[in-house]
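Participant: Take a look at this one; I'll ask things after.
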Amino acid sequence: MTSRLPKLHPRTIKGVLFDLDGTCVDSEFLSTLNWAAVLKEIGVKGLTQPKGREQLENALAAPELRGASASTIADHLIQKFNINYEDDPVCLVKRKRALAVDMVVNGEVDLKPLWFKGVTSSIRQLEKVLGPECVGLCTSNLRPIVNATVEAGQLGDSFLGGKTVQEDAIDQSTGLAQIKPMPDLYLMALKKLNIPSECVVALEDSVVGVTSAKRACVGTVLGVLNRADNHSTESVEVEAALLNAGADQVFDTTVAAIEWIIASGTTQHDVLSTLMQEKEAVVRQYFDGVNKKDPEMMASCFSEKVELRDMCGPSKGEPRHASSKGMADRCMEFLAAHPDCKVEFQHAPICDREGKWVWCHWVESGHWTGESLGIAPQNTVLDVGGHTRFLVERQQDGSLKIIKQVVYRTFCDWELSL
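Numbering-wise, the sequence shown is residues 2 to 419 according to my numbering.
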């Protein structure tokens, strides 16, 4: 299949969120069964016969219904079977869901065979690599069906990272569920997982699912096909649609996607170590720019908007914001007053254990011999130091930039004169 993984920047994987229908289980059979029961109630005959069932399956497999909402599917079926139905199609959707719940809760359908081959054992293996609390579910399906399906797959003690279902995303003002492709379900799932979104992988089989995960800023979104023939025209079209929706890669099966995650997990330490070194290099480059009195080098280390907190200054730690050029200009004003300024590290830049913040201890030496901001030099010694934490994050263009800076420091005579 087409691969986009080489374009991905190094990242660590700490959590995984699974879609259910089409990703873990083949629920098309159950969906067709439920639609047949609903249509039978409103007068459509023959759908339980082979020819009628085939007709319904073909109607549901229409390309225009890929990733469509349940109400859109209901409207399509009403037109396809020329049904005289005056109520809102949403009523059919609600009835279909009610029948589905009854069918599952009453044990009328054996759910165990619906699980794709190898998925349950692969999920167990994934839990061993990441930890059971780092694996969760995020599905638009209903809680009774989700719980019954998970139990049927003998995964009742799995997905300790949380099961986020349709009932979790009910808008209290409208009573409607904010399901995929809206981001609500994934935002809730990420909150339950309690892992930074950039370290989470989502597995999805549909365009609406991929769209939902991307809108919620899930770090990596993998598409899966899970079709009998992954090289058919339909499979190629679905793969293209998933990639166009934002999937980072499309796998033939969910098992293959899990295997990739597990393989990535075994090299996470190296990936994180590389990322930490890259972040530390950005901070070193900033201080090199200061020593070289190079404003362009300094500015290149910052994002377009930087948050600055000076914990010891007059602002008392209140956040202030500046542009990358503004940060460089501020340094150049300081350097104009201290032309021989030299910055040295007492503790060189180093990432924290999570690979998020870079911190360092530094000292500045020199003399106040230059005029800056209209203040005449006093020829005093420059001897100050401090501790700075830099939050360095990946930007849309792939570069790493400082987006936040927190400083604890002493002040020189020139600063005290401002």
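All residues carry an ideal CB built from backbone N, CA and C; glycine is no exception.
Since the model is a prediction, treat every value here as computed from it, not as a measurement.
Helix, strand or coil for Gln179 per DSSP?
Facilitator: Coil.
Participant: Could you spell out where the beta strand (DSSP E) holding Lys402 opens and where it closes?
Facilitator: Run containing Lys402: Leu401 to Arg410, per the beta strand (DSSP E) assignment.
Participant: Measure the C-alpha to C-alpha separation of Gly314 and Gln406 and round it to an integer number of angstroms.
Facilitator: Each residue's Cα considered, the two are about 14 Å apart.
Participant: Let me confirm a value: Ser207 is counted as buried when at least 16 other C-beta atoms fall within 10 Å, else exposed. Which label applies?
Facilitator: Buried, by the Cβ-count rule.
Participant: Are the region 362–371 and the region 318–334 touching by the rule of at least three beta carbon pairs closer than 8 Å?
Facilitator: The region 362–371, when compared against the region 318–334, does not touch it at the 8 Å Cβ threshold.
Participant: Where DSSP assigns a beta bridge to Gln250, which residues make up the other side?
Facilitator: Looking at the DSSP assignment, Gln250 forms a beta bridge with Leu223.
Participant: When burial is assigned at 16 or more other CB atoms within 10 Å of the CB, is Ser213 buried or exposed?
Facilitator: Buried, because 16 or more other Cβ atoms sit within 10 Å of the Cβ of Ser213.
Participant: Which value, in whole angstroms, describes the spacing of the CA atoms of Val1 and Ile146?
Facilitator: This structure cannot speak to residue 1, because the chain is shown only from 2 to 419.
Participant: From Glu305 to Leu401, what does the alpha carbon distance come to, in whole angstroms?
Facilitator: About 12 Å.
Participant: Is Leu40 buried or exposed, if buried means 16 or more other CB atoms sit within 10 Å of its CB?
Facilitator: Label assigned to Leu40: buried.
Participant: DSSP state of Ile196, grouped into three classes?
Facilitator: In this structure, Ile196 counts as coil in the three-state DSSP scheme.
Participant: Report, in whole angstroms, the separation of the C-beta atoms of Leu194 and Gly137, which I expect to be a contact under 8 Å.
Facilitator: Right, their Cβ atoms sit about 5 Å apart.
Participant: Trp369 by DSSP, collapsed to three states: which one?
Facilitator: If DSSP states are grouped into helix, strand and coil, Trp369 belongs with coil.
Participant: Could you check if Gly132 is buried or exposed, using at least 16 other CB atoms within 10 Å of its CB as the buried criterion?
Facilitator: The residue is exposed, with fewer than 16 neighbouring Cβ atoms inside 10 Å.
Participant: Leaving out five residues before and five after Ser123 in sequence, what residues of the same chain have Cβ atoms less than 6 Å from its Cβ?
Facilitator: Cβ neighbours of Ser123 beyond the five flanking positions: Val256 and Ile259.
Participant: Output the distance between the C-alpha atoms of Phe391 and Ile404, rounded to the nearest integer angstrom.
Facilitator: If I take the Cα positions, the gap works out to 8 Å.
Participant: Is the Cβ-Cβ distance between Asn142 and Leu61 less than 8 Å?
Facilitator: Against a cut-off of 8 Å, the Cβ pair of Leu61 and Asn142 comes out as no contact.
Participant: Work out the CA separation of Leu276 and Ser198 for me, nearest whole Å.
Facilitator: Their backbone Cα atoms lie some 17 Å apart in a straight line.
Participant: Enumerate in chain order the residues of its own chain whose CB-to-CB distance from Asn35 is below 6 Å, with the five nearest sequence positions on each side excluded.
Facilitator: Excluding residues within five positions, the ones whose Cβ falls inside 6 Å are Lys97, Leu100 and Ala101.
Participant: Just the C-alpha distance for Arg354 and Glu394, rounded to the nearest angstrom, thanks.
Facilitator: Those two C-alpha atoms are separated by around 15 Å.
Participant: Consult DSSP for Leu383 and reduce its assignment to one of helix, strand or coil.
Facilitator: Strand.
Participant: Using the Cα positions of Phe30 and Arg54, report the straight-line distance between them to the nearest angstrom.
Facilitator: Roughly 11 Å separates the two Cα atoms.
Participant: For Ser324, which option in Lys317, Val344 and Cys302 has the closest C-alpha, if you only look at C-alpha atoms?
Facilitator: The shortest C-alpha separation from Ser324 is found at Cys302.
Participant: DSSP puts Leu309 in a beta bridge; with which residues?
Facilitator: Leu309 pairs with Arg321 and Gln406.
Participant: Which complete beta strand (DSSP E) runs does the region 7–56 hold, if anything under 3 residues is left out?
Facilitator: Counting only runs of 3 or more, we get 16–19.
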